[in-house]
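Colleague:
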Amino acid sequence: MRFLFLGDVVGRPGRVAVQERLPALRQRWGLDCVVINGENAAGGFGITEAICDELLAAGADAVTLGNHSWDQREALVFIERQDRLVRPANYPTGTPGRGATVIEAANGARVLVVNAMGRIFMDALDDPFAAVARELSACPLGEVADAVIVDFHAEATSEKQAMGYFLDGRASLVVGTHTHAPTADTRVLPGGTAFQSDAGMCGDYDSVLGMHKDEPVRRFLQKTPGARLEPASGEGTLSGVAVEIDDATGLAKAVWPVRLGPHLSEAVPVGWERA
Ligand SMILES: [Fe+2]
Ligand SMILES: [Fe+2]
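The structure is reproduced here in structure tokens:
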């Protein structure tokens, strides 16, 4: 099974990059399943129902969220009817939506998609390790699920690496999101789980985290109120992780970083490009 994860879509440049490139990539690489983090898709803050539908129409099978889940208040409502939209599993009991969902990939595989949020340098939430373990034990890899994808939305690399080892052998992929910069530690862990500390963002990298750079730079220089943060408006880059998942075990056979666009050095799944 060929799987692609794309990191935080930031504003219009991120959405346009997904819409312009993903349909062709699904064809070219023969992708069976695609998951995209959409927490910044609406003007950098949250997601609307129309934008969620756009990402799904462009080729995403599921959309994950993070600390910006509810920046667009309508998400609190439409998430209840959109079962392919997943918010962090470790929000308090009673939070709208779901922390995990099972989708059917193009090859017929049942893919469990789990989202959780870290607690280091972030809002206090329930234990993400316990929350993910609960979701996985309800739908174990190799029994109920043919593949398990975990988007761990967290600031600290240590917490993300710990989640990778915690789930090693129980998930097909553990990938970090939230920092908006791709890390160079793409690998398959000893137990067979593909891992990358952060997927990077889909957005304009000539920016600070996808936002027009003037205001963030000013905020570091002057601790005074200023303008609103607006997404940068240049061409977007796609950034994420491609995984070849073993059909028999659901574990990773290979993993590659993906970076396609104007600002970062290009990276493609070389195993698929050669085939
Ligand atoms: Fe983000
Ligand atoms: Fe975030």
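Start counting the sequence shown at 1431; every next residue gets the next number (the numbering used here).
Yeah, the Cβ is synthetic: ideal placement off N, Cα and C, and Gly gets one too.
Is there at least one non-hydrogen atom of ligand 1 closer than 6 Å to the beta-carbon of H1608?
Modeller: Yes, since a heavy atom of ligand 1 falls inside the 6 Å radius drawn around the Cβ of H1608.
Colleague: Which residue marks the beginning of the alpha helix (DSSP H) containing L1455, and which one marks its end?
Modeller: 1441-1459
Colleague: As a quick exercise: from G1473, P1453, R1432, pick the residue whose alpha carbon is nearest that of V1439.
Modeller: Restricting attention to G1473, P1453, R1432, the CA atom closest to the CA of V1439 is found in G1473.
Colleague: Taking C1463 as the reference, which of P1522, T1667, M1631, R1540 has the closest Cα?
Modeller: R1540
Colleague: DSSP state of M1593, grouped into three classes?
Modeller: helix
Colleague: Under the criterion of a Cβ to heavy atom distance below 6 Å, does E1469 qualify as lining ligand 1?
Modeller: yes
Colleague: Tell me which residues share the same chain as D1676 and place their Cβ nearer than 6 Å to its Cβ, disregarding the 5 neighbours each side in the sequence.
Modeller: K1683
Colleague: According to the neighbour-count rule (16 or more other Cβ atoms, all chains shown, within 10 Å of its Cβ), is G1599 buried or exposed?
Modeller: exposed
Colleague: Closest to L1515 by CA distance: which of A1575, I1466, T1616 is it?
Modeller: I1466
Colleague: Could you check if T1531 is buried or exposed, using at least 16 other CB atoms within 10 Å of its CB as the buried criterion?
Modeller: Label assigned to T1531: buried.
Colleague: Which of the three DSSP states is assigned to L1651 in this structure?
Modeller: The DSSP-derived three-state label of L1651 is helix.
Colleague: Going by CA-CA distance only, name the one from I1481, P1518, I1477 that's closest to D1501.
Modeller: I1477
Colleague: Check whether the stretch 1441-1450 touches the stretch 1496-1511, counting contact only when three or more Cβ pairs, one atom from each stretch, lie closer than 8 Å.
Modeller: no
Colleague: Just to confirm, is the Cβ distance from G1640 to P1661 under 7 Å?
Modeller: yes
Colleague: I'd like to confirm the pairing. Which residues does DSSP put opposite V1544 in its beta bridges?
Modeller: A1530, V1580
Colleague: Pick out the complete alpha helix (DSSP H) segments inside the stretch 1644-1704, 4 residues or longer, and give them in chain order.
Modeller: 1644-1651, 1700-1704
Colleague: Looking at C-alpha atoms only, which residue of H1642, A1568, D1513, M1431 is the closest neighbour of L1495?
Modeller: The residue among H1642, A1568, D1513, M1431 with its C-alpha nearest the C-alpha of L1495 is D1513.
Colleague: Would you report the Cα separation of D1581 and V1543, rounded to the nearest angstrom?
Modeller: 8 Å
Colleague: Would you report the Cα separation of A1629 and S1602, rounded to the nearest angstrom?
Modeller: 15 Å
Colleague: So which of G1538, A1536, H1583 has the shortest CA-CA distance to H1498?
Modeller: Out of G1538, A1536, H1583, H1583 has the C-alpha closest to the C-alpha of H1498.
Colleague: Could you tell me which residues DSSP pairs with N1467 in its beta bridges?
Modeller: Looking at the DSSP assignment, N1467 forms a beta bridge with T1494.
Colleague: In its own chain, which residues sit with a C-beta less than 6 Å from the C-beta of D1576, not counting the 5 before and 5 after it?
Modeller: The answer, listed in chain order, is A1539, R1540, G1680.
Colleague: Rounded to a whole number of angstroms, what is the C-alpha to C-alpha distance between V1638 and M1631?
Modeller: 11 Å
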